[in-house]
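Novice:
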Amino acid sequence: MNGEPDLYIGGSWRHAGDGATRDIINPADGSLAARVDEATPHDARDAVTAARRVFDDGSWAATPVAERAALLDRVADLLVRDREELSLLETRDTGKTLAESRIDMDDITSVFRYYARLIAVQADRLVDVGDPSIISRVVREPVGVCVLIAPWNYPLLQMSWKVAPALAAGCTMVVKPSEVTPLSTIAFTRLLEEAGVPAGVVNLVQGSGATLGNALTDTAEVDFISFTGGVATGRTIAQVAAKHVTKVALELGGKNPHLVFADIGTAAGWDSAVDHVLTGVFLHSGQVCSAGTRLIIEESIADDFVADLAARAAKIRVGDGMDPASETGPLVSEQHRGKVESYVALGISEGATLVCGGARPSDPVLAKGSYYLPTIFDRCDRSMRIVTEETFGPILTVERFTDESEAIRLGNDTQYGLAAGVRTSDAGRGERVVRALRHGTVWLNDFGYYTAAAEWGGFGKSGNGRELGPTGLAEYQETKHIWHNVAPQKAGWFKG
Ligand code: NAP
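Residue numbering for the sequence shown is 228 to 723, as defined by our numbering.
1. Comparing alpha-carbon positions, which option in G548, L479, R650 lies nearest S314?
2. Less than 8 Å between the CB atoms is what I'm expecting for V401 and V432, so what's the real figure, rounded?
3. CB of L558 to nearest heavy atom of ligand 1: below 7 Å?
4. Is W683 close to ligand 1? I mean its beta-carbon at under 7 Å from any heavy atom of the ligand.
5. Using a 10 Å radius around the Cβ and a threshold of 16 neighbouring Cβ atoms, would you call F721 buried or exposed?
6. Using 8 Å for Cβ pairs, my map puts F686 next to G657. What's the rounded Cβ distance?
7. Whose C-beta lies closer than 8 Å to the C-beta of D333 among residues of the same chain, with five residues either side of it excluded?
8. DSSP state of V449, grouped into three classes?
9. Say yes only if the C-beta of Y342 is nearer than 7 Å to one or more non-hydrogen atoms of ligand 1, and no if none qualify.
10. Pull up the distance between the alpha-carbon of K403 and that of L375, whole angstroms please.
11. Just the Cα atoms here: how many angstroms apart are S652 and A701?
12. For W497, which residues in the same chain have their Cβ closer than 7 Å to its Cβ, ignoring the five residues on either side in sequence?
13. Taking the alpha carbon of E368 as the point to measure from, which residue in P715, E478, N712, H708 has its own alpha carbon closest?
14. I'd like to check one pair, I613 with G574: are the Cβ atoms closer than 8 Å?
15. Nearest to Q642 by alpha carbon, out of A271, F674, G690?
16. Any chance the segment 535 to 546 sits against the segment 595 to 603, with 3 or more Cβ pairs inside 8 Å?
17. Here's the rule: buried if 16 or more other CB atoms are within 10 angstroms of the residue's CB, otherwise exposed. What is L353?
18. Following the continuous beta strand (DSSP E) through T399, name the residue where it begins and the one where it ends.
19. Could you tell me if the beta carbon of E265 falls within a distance shorter than 7 Å of some heavy atom in ligand 1?
20. How far does the alpha helix (DSSP H) with D309 in it extend, from its first residue to its last?
21. With a threshold of 16 other CB atoms inside 10 Å of the CB of S405, please say whether the residue is buried or exposed.
22. What is the residue span of the alpha helix (DSSP H) that L383 lies within?
23. Could you spell out the range, first to last residue, of the beta strand (DSSP E) harbouring P484?
24. Using 10 angstroms around the beta-carbon of R627, count the other beta-carbons present and answer buried if the total reaches 16, otherwise exposed.
25. Provide the residue span of the alpha helix (DSSP H) that contains L637, from first to last.
26. From this set, V338, G436, E577, N430, which residue's C-alpha is nearest A274's C-alpha?
27. Could you spell out the range, first to last residue, of the alpha helix (DSSP H) harbouring R280?
28. Name the two residues that bound the continuous beta strand (DSSP E) containing L522.
29. I need the straight-line Cα distance from V178 to P392, nearest angstrom please.
30. What's the gap between the Cα of G427 and the Cα of R279?
31. Is any heavy atom of ligand 1 found at a distance shorter than 7 Å from the C-beta of G696?
32. Put Q466 into one of helix, strand or coil per three-state DSSP.
33. In the DSSP assignment, what residue or residues form a beta bridge with Y235?
34. Using a 10 Å radius around the Cβ and a threshold of 16 neighbouring Cβ atoms, would you call R636 buried or exposed?
35. In whole angstroms, what separates the C-alpha of H563 from that of A489?
36. Return the CA-CA distance between G230 and P409, expressed in angstroms with no decimal places.
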């Protein structure tokens, strides 16, 4: 970064093979945030080979579990120490508010602590085969060389969901952050080195996914690819990986419904529902895979609720993430703002009613950044692409229902299935509806929360596999059944 080498391969820091660099732009004001090395496909292949070599020498996988757990705890300690520095980098790179970046760093720390604990207690499973001379047990072993690819919206958080269980399991890995947001991952890799991760266990390359993708995925040297990003990229990776029958886990997009019933109850229930709908969709300017972008609301309260939402949305303070007064920051890049603007134009042309936003902020202080106002479209329906496609920006669409079954049908009427919210004061209805929704996470009378100990992932085109929780560790492990005959005697099939 800024002249220091940024590629970490086989335990050494190096510049790109062809000396290329990339300018990382701060979306808050268009300034240069940093200049980083841009890996070549050859660098990426070197990284994979280094990870393969170190995995095959077996020493990392054979490291006692207690030592690997202690290493994860040391990483967590260093994350606490460097919380502010990493948060500043994340905000400079992504535009998200510093308050959000700090929460990310705390969450990342908890992921390392969680997997340190989990790996320490994971036990082999004994199977009773009904014969005292046979010890049958199922053990877990590292899946091998992993390629870990993360998106730009939660660069280090998404990466930590992969690196922590991969290290815990005893895997080696190549880490590739988004070309747009590599800064926190570079700093984090230096932190892993300081914590004592052995050379070649974690390797880092950054650069364009389109350029490096094949070097990282079209190879028999890789055992597992864990990818978080868009559906189109996920599909490409799965197709390439299929050539080598490489195991793949995909965490993809979402178009997440938030169902609000008329029985939300008291004034406090109403206000809290408005709060959660707003936070669910406009946090991080909507650049959240689980953002509640589709409000599905009971007709009888829709007009009043949308009026309240619009009044509150207009007051959201959009600004530089470094400014403590800002409640949400810019979009990640000019290019991405262009995409969001084209969706707003599409919504208008599709006949949705623009209730608020639909423009860049008028404040001249924000003119150089890629800001966009919280935007609400009412009177939407499933014939509109703004309702079915992931806009990944601060856009809320509103659909209306008249009864519970229609609400469920609308909530499930999506190609995705990442997350959903339900708002009701009727506990029976709440339980019925959350069980009927086909989404990987469902929040009842809340929105957006998760914990390292509970699985995260999607139904449908939101992907396959799970991160976090025990399943998030199992993704990085193979199971092996060991059948040990402690009293072998001649008892074969053939008698001769
Ligand atoms: P993306 O364009 O699919 O990119 C994701 C990552 O894949 C980036 O590191 C990208 O590198 C890399 N990549 C691109 N082409 C590749 C290829 N051919 N082979 C290997 N890697 C390749 O997604 P994004 O725009 O960064 O992220 C937004 C998407 O991520 C949204 O759809 C969002 O919903 C999803 N997401 C999902 C979750 C979840 O938990 N399910 C969480 C966060 C985000 P470059 O950036 O260098 O192109």
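For glycine and all other residues, C-beta sits at the position ideal for the given N, C-alpha and C.
Specialist: On the basis of the coordinates in this document:
1. Answer by Cα proximity: G548.
2. Right, their Cβ atoms sit about 7 Å apart.
3. Flag unset: Cβ of L558 not near ligand 1.
4. Relative to the non-hydrogen atoms of ligand 1, the Cβ of W683 comes within a distance shorter than 7 Å of at least one.
5. With fewer than 16 other Cβ atoms within 10 Å, it is exposed.
6. By a beta-carbon distance limit of 8 Å, F686 does not contact G657. Their separation comes to about 19 Å.
7. Excluding positions up to five away in sequence, the list reads R310.
8. V449 falls in the coil class under three-state DSSP.
9. Flag unset: Cβ of Y342 not near ligand 1.
10. Spanning the two alpha carbons is a distance of roughly 6 Å.
11. Looking at the two C-alpha atoms, the distance is approximately 37 Å.
12. Answer for W497: I491, listed in chain order.
13. With respect to the C-alpha of E368, the residue from P715, E478, N712, H708 having the closest C-alpha is H708.
14. Between G574 and I613, the gap from beta carbon to beta carbon is short of 8 Å.
15. Cα-wise, what sits closest to Q642 is G690.
16. Yes, they touch.
17. Classification for L353: exposed.
18. The continuous beta strand (DSSP E) containing T399 extends over residues 399 to 403.
19. Taking 7 Å as the cut-off, one finds no heavy atom of ligand 1 near enough to the beta carbon of E265.
20. Counting along the chain, no alpha helix (DSSP H) covers D309, and no H or E run does either.
21. With 16 or more other CB atoms across the displayed protein chains lying within 10 angstroms of its CB, S405 is buried.
22. That run of the alpha helix (DSSP H) goes 382 to 396.
23. Where P484 is concerned, the enclosing beta strand (DSSP E) stretches over 484 to 487.
24. R627 is buried by the Cβ-count criterion.
25. Segment 631 to 639, the alpha helix (DSSP H) holding L637.
26. Of the listed residues, the one whose Cα sits closest to A274 is N430.
27. Note, R280: alpha helix (DSSP H), 268 to 284.
28. Residue range 521 to 525 is occupied by the beta strand (DSSP E) that includes L522.
29. The shown model of the chain, from 228 to 723, leaves out residue 178, and the question about it has no answer.
30. One alpha carbon belongs to G427, the other to R279, and they sit about 9 Å apart.
31. No, ligand 1 has no heavy atom inside 7 Å of this Cβ.
32. Note: Q466 maps to helix in three-state DSSP.
33. Note: Y235 is bridge-paired with W240, L431 in the DSSP secondary-structure output.
34. Counting the other CB atoms within 10 Å of its CB gives R636 a total below 16, which places it among the exposed residues.
35. H563 and A489 have their C-alpha atoms some 36 Å from each other.
36. Spanning the two alpha carbons is a distance of roughly 15 Å.
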